[in-house]
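Here is the structure we will look at, set down as structure tokens.
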Amino acid sequence: MVVGMATLTEDEIRAIAAGYHEDPARSMSLRAEAYTDPKWHAVDRQSIFGRTWQWVCHVEQLTKPGDYVSTTVAETPILVVRDRSRRLRAFYNVCKHRAHELLSGSGTTRTIVCPYHAWTYDLSGALVGARQTDQLTAFDKTEICLDQIQVEEFCGFVYVNLDPTAPPLARQAPDLAAEITQRAPDIANLTHAKRLHYDVRTNWKNVIDNFLECYHCHVAHKEFVSLVDMDTYDVKTHGIWSSHFADAGTSENAAYDVSDATVTEHAVWWLWPNTCLLRYPGRGNFMVFQVLPAGPDRTVETWDFFLESTELNEAEKESVRYIDEVLQVQDIDLVESVQRGMSTPAFDQGRIVYDPARAPGLSEHGVHHFHGLVLEAYRSLVTGSGRTADAEAPATAVQATARS
Ligand code: FES
Ligand SMILES: [Fe+2]
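For what it's worth, this note's numbering labels the leading residue of the sequence shown as 145, then goes sequentially.
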């Protein structure tokens, strides 16, 4: 485990799970302190971000031996590289000499050279050069190598997991790849074209809550509800992911021009805990919206666009502008307001609005599903809970099928 080994008591779990019910029709939302108290921020980092698959990049950035990408996961610097035998490897991006970070940004390299004192590692992580160490006694550089972490290619993207015992993502989300491939068969041919970046004054779980329901869409996103056919909006929850689909025509709408669209549906997947995968109406496209906690009341969001070309056409420029200047502005206003509200004595938790049979698009069962997974992660920190990180489908994850 990368962060301190905090544990929780049964009483703490009972308190934070108060009001939550496995039946979404009888459940309250997760309690406000989980969103405002620094203690629960630390618990999130340990019990959730230290143990789950975290999105890194499109596999296009790691095709040739020597290609690398550095990033941080749960505030931990990590490095992904394609080694000489074309195997993908991930390491803590931390030098074994005095802990300086090794590579920064992304690119292609023959070796991994530390910028501090130039210790040099090969692409499999073995230390192959350490200046002025020949005369040292009891120092064998062949015994030193970088600490590896788990890495996996999944549906055209690269993910890492800091938990060495975590089962593969493909096994944890067994049907997700097939569903994404069916609706977005062109991911491998798409290229990174644009990144949007946001620093938001809210807890990361408020961003996910907001992402997982469209109950607010008619109220807060009048352009969006003209882009998609809300009567077809469907939300289905599965073990550690949920899908959010709606038809979207080629007709005029208030969001952006879709008259030449080859993709005519709105297909979105949320992958526990913080990765949102989206395919919007338009040309071939796939987007990754990643939600990264930066403090109890601060979240960094990145929105990456993978398109048919790095040159955006006019419709794509319009759709990026819509997402950046309309949709995101609306959603960020909402989640920042919610954070302020949660920080007052006037709010502990609220009722989950559940009506998947009559109006799946307006039902909050996706939020309830997320809260169940959060509480299950918290329970894993109870001393003697006996739960190991390889549980594939948490017991409280409710399989809510909106339209069966
Ligand atoms: S910290 Fe890396 S070589 Fe000294
Ligand atoms: Fe929204």
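Glycine included, each C-beta is placed from N, C-alpha and C at the ideal position. Being a predicted model, the structure only gives us computed values, none of them experimental.
Bridge partners for residue i per DSSP, in chain order?
i	result
Ala411	Phe389 and Arg423
Phe450	His336 and Phe430
Gly273	Thr264
Leu436	Val444
Ile222	Thr215 and Tyr236
Val526	Leu152
Is residue i helix, strand or coil by DSSP?
i	result
Thr429	A small fix is needed here, since residue 429 is Asn in this sequence, not Thr. Looking at Asn429 - three-state DSSP - the assignment turns out to be strand.
Ala544	Because the pLDDT of Ala544 is 36, which lies under 50, any placement of that residue in the model is unreliable, and the number read from its coordinates should be weighed accordingly. Three-state result, Ala544: coil.
Lys366	coil
Ala502	According to the sequence displayed, residue 502 carries Arg and not Ala. Correct three-state label for Arg502: coil.
Ser250	strand
Gln198	strand
Gly494	coil
Leu471	helix
Ile352	helix
Val257	strand
Arg170	helix
Asp631	Absent from the structure is residue 631, since the part of the chain shown begins at 145 and ends at 548.
Asp181	coil
Glu245	strand
Lys461	helix
Arg189	helix
Gly510	helix
Val518	helix
Tyr466	helix
Arg158	helix
Gly210	coil
Gly163	coil
Leu371	helix
Ser481	helix
I'd like to know whether the C-beta of residue i is nearer than 7 Å to at least one C-beta of chain C.
i	result
Asn397	This model lacks chain C altogether; it includes just one protein chain.
Quiz prompt | Length-filtered (4 minimum) alpha helix (DSSP H) runs lying within the segment 277-332 | solution = With a minimum length of 4 residues, the continuous alpha helix (DSSP H) runs that stay inside the segment 277-332 are 313-316 and 320-327.
Exercise. Count the C-beta pairs between the segment 482-494 and the segment 467-474 that are closer than 8 Å, then say yes if the count reaches three, no if not.
Key: The segment 482-494, when compared against the segment 467-474, does not touch it at the 8 Å Cβ threshold.
Exercise. List in chain order the residues whose CB is within less than 5 Å of at least one heavy atom of ligand 1.
Key: After applying the 5 Å Cβ criterion, the set is Cys239, His241, Arg242, His244, Cys258, Tyr260, His261 and Trp263.
Quiz item: Quick check: the segment 394-406 against the segment 496-507, are there 3 or more CB pairs under 8 Å?
Solution: When C-beta atoms of the segment 394-406 are compared with those of the segment 496-507, fewer than three pairs fall below 8 Å, so the two segments do not count as touching.
Quiz item: Contact between the segment 259-270 and the segment 225-244: three or more CB pairs below 8 Å?
Solution: The segment 259-270 is in contact with the segment 225-244.
Practice problem: Could you tell me whether the segment 151-162 touches the segment 318-337, where touching means 3 or more Cβ pairs closer than 8 Å? | Solution: Segment contact: the segment 151-162 against the segment 318-337, fewer than three CB-CB distances shorter than 8 Å; contact not assigned.
Quiz prompt | At least three beta-carbon pairs within less than 8 Å, the segment 248-266 to the segment 209-226 | solution = Two segments are said to touch when three or more pairs of C-beta atoms, one from each, lie closer than 8 Å; by this definition the segment 248-266 touches the segment 209-226.
Quiz prompt | Three or more C-beta pairs below 8 Å linking the segment 431-451 and the segment 334-345 | solution = The answer is yes - the segment 334-345 touches the segment 431-451, with three or more Cβ pairs under 8 Å.
Self-check item: Cβ contact (3+ pairs, closer than 8 Å) linking the segment 405-424 and the segment 187-207
Solution: Yes, the segment 405-424 touches the segment 187-207.
Quiz item: Taking contact to mean at least 3 C-beta pairs separated by less than 8 Å, is the segment 177-196 in contact with the segment 423-432?
Solution: When Cβ pairs closer than 8 Å are counted between the two stretches, the segment 177-196 is seen not to touch the segment 423-432, the count staying below three.
Quiz item: Taking contact to mean at least 3 C-beta pairs separated by less than 8 Å, is the segment 376-396 in contact with the segment 406-415?
Solution: Yes, the segment 376-396 touches the segment 406-415.
Quiz item: Between the segment 366-386 and the segment 347-355, do at least 3 Cβ pairs fall closer than 8 Å?
Solution: They do not touch, by the three-pair rule.
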